[in-house]
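Working notes for the structure below.
There are 2 protein chains.
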Amino acid sequence: MSVTILDRLLLIGALFERDMARAFAGTPLSAARMRVLWVVHHAGPTRQHALAQALEVTPRNITALVDVLEEAGYLHRAPHPTDRRAVLVSLTPLGVELMQTTVREHGELSATLLDAVRPDDREAVERGVEAIADRLALLLAEAEAQGAARAAASGTPS
Amino acid sequence: MSVTILDRLLLIGALFERDMARAFAGTPLSAARMRVLWVVHHAGPTRQHALAQALEVTPRNITALVDVLEEAGYLHRAPHPTDRRAVLVSLTPLGVELMQTTVREHGELSATLLDAVRPDDREAVERGVEAIADRLALLLAEAEAQGAARAAASGTPS
DNA sequence: TATTGTTATACTCTATAACTATA
DNA sequence: TATAGTTATAGAGTATAACAATA
Numbered sequence: 037m038s039v040t041i042l043d044r045l046l047l048i049g050a051l052f053e054r055d056m057a058r059a060f061a062g063t064p065l066s067a068a069r070m071r072v073l074w075v076v077h078h079a080g081p082t083r084q085h086a087l088a089q090a091l092e093v094t095p096r097n098i099t100a101l102v103d104v105l106e107e108a109g110y111l112h113r114a115p116h117p118t119d120r121r122a123v124l125v126s127l128t129p130l131g132v133e134l135m136q137t138t139v140r141e142h143g144e145l146s147a148t149l150l151d152a153v154r155p156d157d158r159e160a161v162e163r164g165v166e167a168i169a170d171r172l173a174l175l176l177a178e179a180e181a182q183g184a185a186r187a188a189a190s191g192t193p194s
Numbered sequence: 037m038s039v040t041i042l043d044r045l046l047l048i049g050a051l052f053e054r055d056m057a058r059a060f061a062g063t064p065l066s067a068a069r070m071r072v073l074w075v076v077h078h079a080g081p082t083r084q085h086a087l088a089q090a091l092e093v094t095p096r097n098i099t100a101l102v103d104v105l106e107e108a109g110y111l112h113r114a115p116h117p118t119d120r121r122a123v124l125v126s127l128t129p130l131g132v133e134l135m136q137t138t139v140r141e142h143g144e145l146s147a148t149l150l151d152a153v154r155p156d157d158r159e160a161v162e163r164g165v166e167a168i169a170d171r172l173a174l175l176l177a178e179a180e181a182q183g184a185a186r187a188a189a190s191g192t193p194s
């Protein structure tokens, strides 16, 4: 039991992040900035606050990320039509083009990786990885809720 | 093809990293520092340069990580017995204890996650994830070698 | 001459806290 | 009074470059 399945799953994530960092070196892009573009690509014009919630990151952080992406020409800030406090962030044509390429390459890589799996195992692997991701999300959400409850009980009794 | 297997694999890594950050908040530990302890735990007394290579990080970075882990009592620096330039980094008893606990919990989590997979799928999932990790490592190593070759050809002809 | 580890400096990602404009 | 976004500040992780001691 020297290398567990968890070790391998974590290795996959680490390899991918490292490759992104290398691929984006010297450009205005980065893994964190790509995650912002990813959300806007899938959700359409989005408030910064919604971006912060989607990425589980503070609004302050979003300001900085969007600043760079706007400066680099991938995103566009526009006033919200009905809420004058808010800003709507959208992809520019350059951003749309980048995300189309990225989504395509992402799908190709996913297919290549699945291709490394024995054909008879592929369905089981897809089901299994989905089950593992769901279970992990559940476990960590429970842990977080317990931690928050404990903090509320000890530290900040309202 | 809205959510690919690659998306789920990356989600697993992101969830785990985020949970580590939350669990270690307010302590001297962190994901990067745990990776250092992990290497020393598995390799025994180690030079800082070897740590840098194992973690694919600059030696400067290792200096900072080991500084904090030594200060916090998990690591111990000692002069190398035969090479007076080098330092040997070892776990203290506190570090050994931490890693024993960590390895046990890590194994338990791995078992819990595999438990979420249908029994008939488990062998295929273990094989498949291993195959995916191996393929990804291979692909990225090739990409890196090509990038390095291209940089050498254009930028720094020696 | 090459290697080991360090100091100096800088950039990215992230967080908290205080503030402004608006709901 | 609460929300959306910003400025100010800080800490962690990472990188490059220059340097001292040693091989």
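Same order as they appear, the protein sequences are chains W and D.
Counting from 1, position 137 in the first sequence corresponds to residue 173 in the numbering used here; the numbering is continuous, with no gaps.
Counting from 1, position 45 in the second sequence corresponds to residue 81 in the numbering used here; the numbering is continuous, with no gaps.
All C-beta atoms in this analysis are idealised placements derived from N, C-alpha and C, irrespective of residue type, glycine included.
- Contact between Leu111/D and Pro81/D fails: their C-beta atoms lie close to 10 Å from each other, not under 8 Å.
- Between Gly49/D and chain W, the shortest Cβ-Cβ separation is below 8 Å.
- For Thr40/D, the closest Cβ of chain W is nearer than 8 Å.
- Under the three-state reduction of DSSP, Leu87/D is assigned to helix.
- Within 7 Å of the CB of Phe60/W, no CB atom of chain D is found; the nearest one sits about 12 Å away.
- For the stretch 164-183 of chain D, the beta-carbon criterion of a distance under 8 Å to any beta-carbon of chain W is satisfied by Gly164, Val165, Glu166, Ala167, Ile168, Ala169, Asp170, Arg171, Leu172, Ala173, Leu175, Leu176, Ala179, Glu180 and Gly183.
- DSSP lists Val125/W as the bridge partner or partners of Arg113/W.
- Within chain D, no C-beta atom comes less than 8 Å from the C-beta of His77/W; the nearest is roughly 13 Å away.
- Chain D has a Cβ within less than 8 Å of the Cβ of Ala160/W.
- For Arg44/D, the nearest beta carbon of chain W is closer than 8 Å to its own beta carbon.
- Among the bridge pairs identified by DSSP, Thr82/D is matched with Val125/D.
- Proximity of chain D to Ser146/W at the Cβ level (cut-off 8 Å) is accounted for by Thr40, Ile41, Leu42 and Asp43, in chain order.
- Ala50/D has its alpha-carbon roughly 14 Å from the corresponding atom of Arg44/W.
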